[in-house]
Structure formats: C-alpha cells, structure tokens
Amino acid sequence: IKLDDVVIAVMAKEWRLRENWRPSEMEQMYIEAADDLMAMIEAGVDVGIDFPSSKEAGDGLIRIDPNGIITYASPNAVTIYRRLGVDGTLPGQSIYMIGLNESPVSSAMEDRKAVSSEITEKGMTVAKRAIPLIEDDRLKGVVAIVGDVTDVRAREQQLKIKEATIREIHHRVKNNLQTIASLLRLQSRRMTSPEAQQALMESVGRISSIAVVHEILSQTGSGTLDFKEIATNINRMIQTGLVQPDKLITIATRGSAGKIPSPMATALALILTELVQNAVEHAFEDRITGKIVITLKRRGNMLTMEVSDNGSGLPENFELNNYSNLGLQIVRTLVSDELGGSWEIEGSNGTKVVVRVPVVQ
C-alpha cells in the first residue's frame with residue numbers, strides 16, 4: 016500500500032483451505048466483497064470509509080450492481096427487509112423500487128463515497144452502511160451492510176428519559192431544600208437569643224450543603240460527583256452566609272478527591288460544612304482576620320480531607336470524646352458509622368481536622 020509513491024503498509028490475505036471445500040453462496044459473496052475491497056486498497060482508491068466495522072452478528076449484507084439491482088442478500092438482510100414489509104426474493108429487485116428509503120445506497124453510487132446513516136421507517140430503525148466498489152475508475156457496484164438497531168435505540172431513549180427524570184427530581188429536591196433553608200434563615204432573624212440564631216443558621220448551612228449536592232446531580236445526572244466542585248460551592252456558601260462582614264476570613268480549597276458516589280458525597284458535604292462552620296464560629300473570636308484551608312487527597316480508594324485554620328486552636332483540656340458540640344457529634348456519626356472512616360483533631364498552631372474515609376464505588 017502506497018501513499019505518494021511511498022510504501023506505508025503491506026496487506027496480505029491468507030486462509031487455510033479444507034480439502035474438497037466448496038464455499039456456500041454466502042461465504043462466496045463475503046469472499047468476493049473482501050477481495051473487491053482489498054483490490055481498492057491496493058489500487059489506492061479511497062472512498063472515505065470512516066465508520067467502524069460491523070461487530071453485530073445480526074447484521075446482513077446486500078450486494079447491488081451499478082444499475083441498482085440487488086444481486087445478493089444474506090439471510091439476515093432478507094429477515095430485516097421482510098420486517099420492513101418487503102415480500103418476495105430480494106435478488107433481482109431494484110433497490111429503488113422496493114418502497115424503502117435507500118438514500119445511503121444511492122448517495123454511495125452517485126458520490127462514490129461510503130455512507131453511513133440510520134433510517135427510521137415503518138416502526139423500525141435500521142443502520143445502513145453503503146460502500147461503493149470502484150474498479151479501473153468505474154463503479155462496479157455497492158456493498159451495503161444493514162442492521163436492525165430498533166431495540167438498541169429504544170433502550171437508549173428510555174435511558175435518556177430516565178436520566179432526565181432523575182435530574183428533574185434532584186432539581187426539585189434542591190429547590191425544596193433551599194426553600195426550607197430560606198424559612199429557617201427568616202426565622203433566625205426573629206430570634207432574640209444569639210444561641211437560637213446560631214443554632215438556626217447552623218441548620219441552614221447543613222441543609223444548604225445537601226442542596227449543593229442535589230444541584231450538581233441535577234446538572235450532571237451522574238451517580239458519581241467531583242467532590243472538589245462540591246467543596247468549592249460549600250465554601251462559597253459559607254463565605255457569603257456565615258462570615259461576619261467586619262471579618263476578613265478566607266476559605267481556600269486545594270488538591271483533588273476525584274469522583275465519589277453521590278451518597279458518600281452527601282455525607283462528606285455535611286462533614287465539611289460542620290468543620291468549616293465550626294472554624295468560622297470559634298477559631299477567630301478574638302481577631303478579624305483568618306484563613307481556613309481545605310486540602311483534599313486521594314490515594315487509590317482512600318480519601319483524605321483536611322480542614323485547617325490559623326486561629327486560636329483548641330480549648331484547654333479539650334477531649335474529643337467528652338465534647339458535646341452537636342456539629343462534632345454529627346461529624347463523628349457520619350465518619351465512623353456511615354462512611355466507615357476515621358478522624359482526628361490536632362490543636363497546635365490553630366486547629367486541623369483530618370478525615371479519612373474509604374471510597375466504595
């Protein structure tokens with residue numbers, strides 16, 4: 016095989032002949048079609064075959080002469096055309112007179128280029144690939160490969176409908192959660208007790224973090240999510256909703272956690288919200304500036320999330336197991352019981368919480 020008079024490949028055809036072997040009509044037609052295509056390749060004839068070869072056992076082959084007369088149809092091709100309402104024997108009939116859309120074949124004949132398309136008619140979807148056979152710069156005929164893809168396309172359509180329905184459900188859940196968060200936010204403004212206001216706003220953060228997960232699910236429709244995107248959205252939400260206007264506290268996200276399942280994403284989103292909210296509320300009580308950094312790491316099936324700040328550190332005589340803070344109790348329950356992970360707190364030079372959880376797909 017040459018390109019611009021330069022040999023770029025060598026093509027050979029070999030097969031083992033059985034003694035006294037006589038090919039059937041179908042075998043003979045497939046051999047002839049292969050010979051014609053190999054001769055075209057050897058002669059450098061390019062008809063623009065840019066579609067993959069057929070891998071379906073149910074596909075059928077049709078051979079058409081230059082005048083549009085069918086000279087051969089494999090049993091599978093005959094079956095497909097009978098489903099389309101073509102009665103009688105296909106060989107001998109004109110491809111233009113059988114009452115079906117044969118535009119791929121006619122286009123291949125007229126343009127001398129390979130054509131691939133799917134045609135839906137009479138309740139069926141048929142994939143048709145037509146390859147013109149060229150010999151000595153003249154049209155020798157067309158080889159057409161036909162396949163019934165009706166069931167495949169129907170399943171794909173059902174899957175699209177299912178995905179759209181799931182996305183719509185996530186969208187509605189997100190809207191409902193945001194409505195609940197808005198009601199709690201309004202209620203907090205009516206509270207005269209600072210403790211009650213804080214408790215309600217913490218609940219707003221928890222609900223909003225779950226809403227973030229459902230919002231991303233409504234956009235992607237996927238069962239796995241990029242947790243860094245979730246973390247970034249949660250940080251933005253806390254930055255605008257919880258950080259006091261008179262304080263300069265920055266929240267940054269570093270690293271990557273890769274894709275994780277949506278149930279795990281919801282639990283991790285709640286954990287992250289609790290830890291960042293806790294840092295915003297307690298780490299910078301005696302200062303107006305501060306920094307919170309979320310670091311995500313993924314090694315194989317182990318995900319590590321670190322939340323660190325440069326604040327005042329842990330209280331004296333702090334004992335994690337004896338600490339009654341609701342947020343940390345939620346973290347403990349989600350990490351240990353729901354995700355099967357572990358976590359620890361360090362209190363030097365600020366506070367750092369390290370959460371390690373296995374990713375189970």
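Okay, so the sequence shown: first residue is 16 according to this note's numbering, each after it adds one. We put the CB at the ideal spot given by N, CA and C, even for glycine.
Short Cβ contact (8 Å threshold) for R221 with L283: no
Following the continuous beta strand (DSSP E) through S131, name the residue where it begins and the one where it ends. 130-136
For a test of the three-state rule: what should DSSP assign to D301, helix, strand or coil? coil
Does chain C have any CB closer than 8 Å to the CB of G238? The structure shown contains no chain C, having only a single protein chain.
At 3 residues or longer, and completely inside the stretch 179-242: list those beta strand (DSSP E) runs for me, N to C. 239-241
Enumerated in chain order, which unbroken segments of the alpha helix (DSSP H) with a length of 4 residues or greater are wholly contained in the stretch 109-167? 118-126
Would you call the stretch 223-233 and the stretch 178-186 in contact, with 3 or more CB pairs under 8 Å? yes
For a test of the three-state rule: what should DSSP assign to E331, helix, strand or coil? coil
Three-state class that DSSP yields for M26 in the structure shown: coil
Helix, strand or coil at G107 according to DSSP, with G and I counted as helix: coil
Runs of alpha helix (DSSP H) wholly within the stretch 241-300 (minimum 4 residues, chain order): 242-256, 277-297
Span of the alpha helix (DSSP H) around E12: Since the displayed the chain opens at 16 and closes at 376, residue 12 lies outside it and no answer follows.
Nearest residue (CA-CA) to I46, options P106, L18, V158: V158
Give every residue of the same chain whose Cβ lies closer than 6 Å to the Cβ of G270, excluding the five residues on either side of it in the sequence, and list them in chain order. T310, L311, K312
How is the beta strand (DSSP E) around L318 delimited, first residue to last? 317-324
Could you tell me which of P373, N364, M206, E217 sits nearest to D352, measuring between CA atoms? P373
Looking at G238: is its Cβ nearer than 8 Å to the Cβ of S277? yes
Cβ pair V295, V346 closer than 8 Å: no
What residues in its chain sit with their C-beta under 8 Å from that of I85, if we drop five residues either side in the sequence? I77, R78, I79, L105, P106, G107, Q108, S109, I110
Quick check: what's the CA-CA separation for K143 versus G273? 40 Å
Closest to A145 by CA distance: which of L174, Y87, L215, S132 is it? S132
Leaving out five residues on either side along the sequence, give the residues of the same chain with a beta carbon under 7 Å from the beta carbon of V60. I149
Span of the beta strand (DSSP E) holding P90? Here P90 belongs to no beta strand (DSSP E); instead the alpha helix (DSSP H) covers 90-98.
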